[in-house]
Each structure stands twice: as structure tokens, then as C-alpha cells.
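Contents: one structure, followed by commentary.
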Amino acid sequence: MKPFTSTLLTSLLVVFSAASWAEAPSRESVKELLQVTGAGNMAVQMMEQMIPSMKRMVPDAPEAFWDEFASQVDGGELEDMVIPIYQKHLTQADVNAQLKFLQSDAGQKMIKVQPLIMQESMMVGQEWGMKLMQRAQAKLKERQE
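Going by the working numbering, the first residue of the sequence shown is number 2, and it counts up by one from there.
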């Protein structure tokens with residue numbers, strides 16, 4: 002039994018050590034992944050969606066201010082902030098595999114339809130959340146009666 006335990010422990014050590022030695026992706030490869038997926042464009046779109054809320058928070062700011070502000074937003078700034086997150090959670094092999102897929106016809110289709118899928122999924126999620134809230138309110142009402 003002792004040789005088996007020793008072999009098992011050695012095997013586990015090798016497996017976990019190899020996982021911790023996996024090569025982190027380079028900044029350049031993560032940046033390429035973000036560019037292929039259009040993450041920079043998504044950042045600008047997010048900003049465009051945020052500006053109406055910002056305008057309500059600062060109603061005295063003239064429209065020219067918001068135009069100038071929007072023109073100075075750089076999606077690359079957000080990319081630079083998220084690259085370390087990708088490097089923390091992915092290996093170079095992961096990024097390479099994703100790039101290979103995203104550059105295929107199927108990957109290009111996924112990039113194209115992903116915003117639509119996300120938008121529709123968010124709407125369905127909101128409906129689901131409302132149904133859950135109605136159920137919770139009904140259960141609470143039952144308990145109070």
C-alpha cells in the first residue's frame with residue numbers, strides 16, 4: 002500500500018505543479034483576443050449607454066461638454082485595465098485556442114451574433130427575475146395570511 006500512496010502523491014504533485022507553471026498569456030496575445038472579439042468597441046458602446054445616466058446626474062453640464070467627453074473616451078484604456086484579468090485566469094494555450102476558434106467561420110459568426118444573444122438573454126433574464134419576484138411576493142402573502 003505504501004508504494005501506491007507514494008506514487009499517488011508524486012503524481013498529484015506533478016499534476017498540480019504543471020498547472021501552476023502554465024505559461025501566462027502575453028499582453029500582445031490578450032490584446033489581439035480583445036481586438037478580435039471587438040471588446041474595445043463594446044467599451045465605447047457601454048460608455049455611450051452610460052452618458053444619458055451621467056447627464057441626469059450632472060444636468061447643468063452643456064451638451065458640448067458631453068460631446069467632447071465622449072470623443073475623448075478610448076476603448077484601449079479599458080483593454081489595458083482588463084488584460085491583467087485575462088492573464089490571471091487564462092494560459093497562453095487558452096488564448097491561442099480562442100484566437101484560432103474566433104478566426105474560424107464559426108468563431109466569426111459567434112462574434113457577430115453574441116451581442117444579439119446577450120441582449121435577448123438579458124431581456125429573458127429580466128422577465129425571469131420578475132416572475133421570481135412575483136412568486137416570492139405570493140409566498141410571502143401566503144405566510145402572512
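From the three backbone atoms N, C-alpha and C, an ideal C-beta is built for every residue, glycine too.
Distance, residue j Cα to residue i Cα
i	j	result
S27	L141	52 Å
H90	L100	16 Å
Q88	M51	27 Å
R144	Q138	10 Å
G126	R136	15 Å
G108	Q115	10 Å
M131	Q120	17 Å
A98	D81	21 Å
M111	Q104	10 Å
M55	E146	44 Å
D95	F102	11 Å
F66	E49	14 Å
A25	D106	27 Å
D68	E128	34 Å
Span of the alpha helix (DSSP H) around residue i
i	result
G1	Since the displayed the chain opens at 2 and closes at 146, residue 1 lies outside it and no answer follows.
L91	Counting along the chain, L91 falls outside any alpha helix (DSSP H), and DSSP gives it neither H nor E.
Presumed contact (8 Å Cβ cut-off) between residue i and residue j, rounded CB distance
i	j	result
T92	A23	4 Å
I84	V31	5 Å
Heavy atom of the ligand SAM within 7 Å of residue i beta-carbon
i	result
Q145	Questions concerning the ligand SAM fall outside what the structure shown contains, since it holds no ligand whatsoever.
At a cut of 8 Å, does the stretch 30-44 reach the stretch 61-72 through at least three beta carbon pairs?
no
How about the stretch 38-57 and the stretch 68-77: do they share at least three Cβ pairs that are nearer than 8 Å?
yes
To test your reading of the DSSP string, which unbroken alpha helix (DSSP H) runs of 4 or more residues are found completely within the stretch 20-75?
28-38, 40-58, 64-72
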